[in-house]
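As given, the protein sequences belong to chains A and B, one line each in that order. For the first sequence, the residue numbers in the working numbering are 1 to 509. For the second sequence, the residue numbers in the working numbering are 1001 to 1509. C-beta: ideal position from N, C-alpha, C; glycine also. Quick notes on the structure that follows.
There are 2 protein chains.
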Amino acid sequence: MQKFSLSPSGIEYTIPDEKESAKEKDIIQEITEKQRKMGLGIVTVQGMGFVGCVMGTVIADAEDDDNNPLYFVHGQQRASVRSYWKIPVINSGKPPVNSSDKEVPAIFSRTVLEKQTMRATWSNRAFEVADIVVVDIQLDAAKPAFGQAEKGYCDLSAFRDGIRTLGKHIKPECLVLVETTVPPGTCEKVLQPIIEDEFKKRGIDTKTNPPLIAHSYERVMPGSSYVRSIRNFWRVFSGVNEQSKVLARNFLENVLDTDEYPLTELDSTNASEMAKVMENSYRATNIALTLEWAKFAEQIGVDIFKVRDAIRKRKGTHDNLLRPSLGVGGYCLTKDPVLANWSMKSIFEIEGSLDMAINSVNINDTMPLHTVELIKQIYPDLKDLIVAVLGVSYLENLGDTRHSPSQTLIQVLNESWAIVKTHDPYVEMWQEMENITVSKDLKETISGADVIVYAVGHDEYLQHQPEKIVELCGKKPLIIDCSNFVNDEKVAIYKKLQCPVKAVGKGIF
Amino acid sequence: MQKFSLSPSGIEYTIPDEKESAKEKDIIQEITEKQRKMGLGIVTVQGMGFVGCVMGTVIADAEDDDNNPLYFVHGQQRASVRSYWKIPVINSGKPPVNSSDKEVPAIFSRTVLEKQTMRATWSNRAFEVADIVVVDIQLDAAKPAFGQAEKGYCDLSAFRDGIRTLGKHIKPECLVLVETTVPPGTCEKVLQPIIEDEFKKRGIDTKTNPPLIAHSYERVMPGSSYVRSIRNFWRVFSGVNEQSKVLARNFLENVLDTDEYPLTELDSTNASEMAKVMENSYRATNIALTLEWAKFAEQIGVDIFKVRDAIRKRKGTHDNLLRPSLGVGGYCLTKDPVLANWSMKSIFEIEGSLDMAINSVNINDTMPLHTVELIKQIYPDLKDLIVAVLGVSYLENLGDTRHSPSQTLIQVLNESWAIVKTHDPYVEMWQEMENITVSKDLKETISGADVIVYAVGHDEYLQHQPEKIVELCGKKPLIIDCSNFVNDEKVAIYKKLQCPVKAVGKGIF
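Encoded structure:
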């Protein structure tokens, strides 16, 4: 039976059969030989996810001083029902990810169509021909119980399979550069043994040919600086041995703007892996602190956003202080502390736990319950209450819904029999909540609502005028402001219009 | 019986009797009248502690555009056995505090002797004549159980007495500006009722003459920028009513460098009080995170100080990240989260607690136990072990020992029957540990030591050469580095010299 892979824009792509796969191997061989003759290095990026596909184009876009391309990139992606569609989309010169960064479509078009230095494939032959493999396999943390991140773990099985595939296929002298955020210890204690094992099976002497493994984590910021956040930003790296470090440095210097943003080399991959999860744990801790104080501020009539501004005047010592909100979403802050804590217990078998970071995840994950409490202060019974949630992405002005706190909010409201309507100008399809229709019609969403929740600070929401909102609503809705999206003047107008207002982190009496 | 007050330099000052106190009133009256005629405002600073005495000189040093002094300052200090000596010391033109900031003795000499715009006194008459009283009464948090900051509280009784004294004496139109770090809610819920009560007793109509109360916290940094950290730095303020805010702004603009560091006005004194304890809670949380990760790093062979440097490259978002150490000391980070948590429970009677901040205090307070664990990794039995602790102040290059983590370290070592010797070039007398002699003779301290603990990073310790240290010691001591005070090269030399090395936050195998 023929299998299809459905793209988000609704096109069905036929998943290739064995015959096509055999042909694909020859194509890769042919392209590789041609590119090598032209002097290009061969890089294969494993995993065409959020980071991998853009990283692939950045590598394919790298040039020497005479503007000659340095690398040809095979963007490798398994031919799964879920993800195969990315391959034909990329090969048509288009990004398989949505982004508000105009450089994203531009760099795909430039590298795939103009320079022809990037091509996506499902074939493992791409690993056999590579001088460097950049690992961008997705790796998530599982949190089996809500608000109990201490029970979280990392299921490495798919990741290990991916690495085993590399061990079976790569040249002994190929550098494996892990870009995925991994639990500390993964390069030394997971990758190295697997690749050594496969090398030995292949008769490769791992004493003369020890696997070359390096780690350099991305610091991608979704949004309007997507490409810049990969290419023009600080990078940390290390390797499991000296040669790995040298090769990784050389590669990163070729590909990234290391003149402006010099590389930081750490002593070991353990250190580099730890840096990534620690920097996100730092942010998670920082937010959790503000969430606890936000609740305090609300009850003593203080606006914590103004307090935060006052504190942040102290640049270099206090200006990292983050703001409270509906909750914390996205792919990093929600999982990285869990990866670290799990690594400590399960990879290194060390007693103790990283309580500060783990408690932060619990505070952050459960924070949407506080917004529910704010609603209940006015409407103790949520049954049949019509709640309009404005914004379902996890950050303003983008459509990324991964681990969005709006998801928790809506689930809790639904469990209490509230009638939830959602609106988001950036979200085409809410993959994590397929049964929810996200409207782009504000009037439709807020008409008749008892409660309007400003969940995310998209620019267009910041332009809302209270009179207009009340008119569109047709009632006197309770306004819930989750993160200082409604300013003091608008609060005053809403109150004049007899609409109650509640806000996370602001005591409005 | 005659009472004396003993200064740190060993001079006995006779505490004044009633006759002298009566005379002092007349002196204050006379000075005040003279200064008023010259157009100066009268400011009384209540409490000549670490902040109050220097703040007093900064006010006394303030000038108008024609370089005429703006204020005459009465530095009020109770004539107690513990503190009376400060009055004659100040009036001799000398600071009653030690500081590495050369501006400290200079500004005392300039204001007290040259300009004659500052004078210390014990008389409450100073409150009666004041246009502005700046409250700098010390206010501490009590932590009745080690490592259980959630049980901490704030005993406001002495503070309330001080405020009641003001209520009895100040003019109705006098501005009371609280500079002391107080639990949020203190101005509105403690000061205001007390002063109103006293005003009413005095027949003052508090409707036409509501007490004028403002709050503006200091951000003093002990060390070489002591005076600058008061005068040339960001300030936050608010008042209990509009008039208080206007008067406070006017005063602060006269006294501080608000052109370079514009004032931040918050909506209420609750907000201003919260800002102070929140900014220190932010720092405490930040450090607690690093302490947990430091222990993890040690066990997986990672140097967390290098990881921290890598993370801090991200300016504005990650560069506030602090470093692990022996523990956290000083007067702010150890108590401010406790003041906030106690305020929530006891002043506002709100359910819940500020767990992130309180847990941080517990982690930070108990961190010296980890250094004991490091010693035990080499010497499981501490009995009769000779341990030399280098540095007993709470911060490098100064002699401030308040809540020093070395104190906890030494107490625990003593309880385990270790023989502890201490050294600190900056500490004359360890007030909190009077039975401990702090040596200034390095050889005497480390000679024969089994363990040398680098507890504080005083500059002279950073210059130590391993060969010399081992020679002075005469043994092969265990070196304990509490916060990256011994660099990689020196660690290598110590190991060559067969001295084991253990470090907080560094895995040295």
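Asked, Found
"Across the stretch 334-343 of chain A and the stretch 276-292 of chain A, are there enough close Cβ pairs to call them in contact, namely three or more that are closer than 8 Å?", "yes"
"Quick check on Asp481 (chain A): does DSSP put it in helix, strand or coil?", "strand"
"Can you confirm whether Met433 (chain A), when its beta carbon is compared against all beta carbons of chain B, has any partner nearer than 8 Å?", "no"
"Looking at chain C, is there any beta carbon in it that lies within less than 8 Å of the beta carbon of Ile1311 (chain B)?", "Of the chains in the structure shown, none is chain C; the protein chains are A and B."
"Once you ignore the five residues that flank Pro95 (chain A) on each side, which residues in its own chain have a CB closer than 7 Å to its CB?", "Cys53, Val104, Pro105, Phe108"
"With a threshold of 16 other CB atoms inside 10 Å of the CB of Arg1231 (chain B), please say whether the residue is buried or exposed.", "buried"
"Use the C-beta contact count for Thr14 (chain A): other C-beta atoms within 10 angstroms, 16 or more gives buried, fewer gives exposed.", "exposed"
"Using a cut-off of 9 Å between C-beta atoms, extract the partners of Asn1359 (chain B) located in chain A.", "Asp355, Met356, Asn359"
"Interface residues of chain B around Pro184 (chain A) at Cβ under 7 Å?", "Ile1300"
"Distance check for Gly1041 (chain B) and His1169 (chain B), CA to CA, integer angstroms please.", "17 Å"
"Quick check on Thr269 (chain A): buried or exposed, where buried means 16 or more other Cβ atoms within 10 Å of its Cβ?", "buried"
"Determine whether the beta carbon atoms of Ile90 (chain A) and Met48 (chain A) lie at a separation below 8 Å.", "yes"
"Give the interface partners of Arg1314 (chain B) over in chain A, defined as CB-CB distance under 7 Å, in chain order.", "Trp234"
"Using a cut-off of 7 Å between C-beta atoms, extract the partners of His318 (chain A) located in chain B.", "Glu1279, Tyr1282, Asn1320"
"Residues in the stretch 253-276 of chain A with C-beta within 7 Å of chain B's C-beta atoms, listed in sequence order?", "Thr264, Leu266, Asp267, Ser268, Asn270, Ala271, Met274, Ala275"
"Three Cβ pairs or more, each shorter than 8 Å: is that satisfied between the stretch 423-439 of chain A and the stretch 369-387 of chain A?", "no"
"Rounded to whole angstroms, how far is the Cβ of Leu997 (chain B) from the Cβ of Val1176 (chain B), which I believe are closer than 8 Å?", "Given a span of 1001 to 1509 for chain B in the structure shown, any question on residue 997 (chain B) remains unanswerable."
"So, at 7 Å on beta carbons, what are the nonlocal neighbours of Glu1063 (chain B) in its own chain, with the 5 sequence-adjacent residues on each side left out?", "Pro1069, Leu1070"
"For Arg1078 (chain B), report the span of its alpha helix (DSSP H) as first-last.", "That residue, Arg1078 (chain B), is in no alpha helix (DSSP H); it is neither H nor E in DSSP."
"Taking the continuous beta strand (DSSP E) assigned at Tyr1013 (chain B), which residues delimit it?", "1012-1014"
"Scan the stretch 1412-1441 of chain B for residues whose Cβ lies nearer than 7 Å to a Cβ of chain A and list them as they occur along the chain.", "none"
"Is the Cβ-Cβ distance between Glu265 (chain A) and Lys245 (chain A) less than 8 Å?", "yes"
"Just to confirm, is the Cβ distance from Thr1285 (chain B) to Ile1304 (chain B) under 8 Å?", "no"
"Relative to chain B, which residues along the stretch 287-299 of chain A have a C-beta separation below 9 Å, given in chain order?", "Ala288, Leu289, Thr290, Leu291, Glu292, Trp293, Lys295, Phe296, Ala297, Gln299"
"Below 8 Å between beta carbons: does that hold for Met356 (chain A) and Asn1359 (chain B)?", "yes"
"Do you know how far the Cα of Arg308 (chain A) is from the Cα of Arg323 (chain A)?", "7 Å"
"Three-state secondary structure (DSSP) at Tyr461 (chain A)?", "helix"
"Under 8 Å between the Cβ atoms of Glu1396 (chain B) and Gly1457 (chain B)?", "yes"
"Starting from Leu1333 (chain B), trace the beta strand (DSSP E) in both directions and tell me its first and last residue.", "Note, Leu1333 (chain B): premise wrong, no beta strand (DSSP E); not H, not E."
"Within 10 angstroms of the Cβ of Met1038 (chain B), are there 16 or more other Cβ atoms? Answer buried if so, exposed if not.", "exposed"
"Out of A:Asp131, A:His318, A:Trp85, which has the shortest C-alpha to C-alpha gap to Phe251 (chain A)?", "A:Asp131"
"Can you pull the chain B residues whose beta carbon is under 9 Å from the beta carbon of Met344 (chain A), in chain order?", "Phe1296, Gln1299, Ile1300"
"Which runs of the alpha helix (DSSP H), 4 residues or longer, sit entirely within the stretch 222-275 of chain A?", "226-231, 242-255"
"So if DSSP puts Pro1069 (chain B) in a beta bridge, which residue, or which two residues, is it bridged to?", "B:Glu1063"
"If I measure Cβ to Cβ from Glu150 (chain A) and keep anything under 6 Å in the same chain, skipping five residues before and after, which residues do I get?", "Ile358"
"Measure the C-alpha to C-alpha separation of Lys200 (chain A) and Leu191 (chain A) and round it to an integer number of angstroms.", "14 Å"
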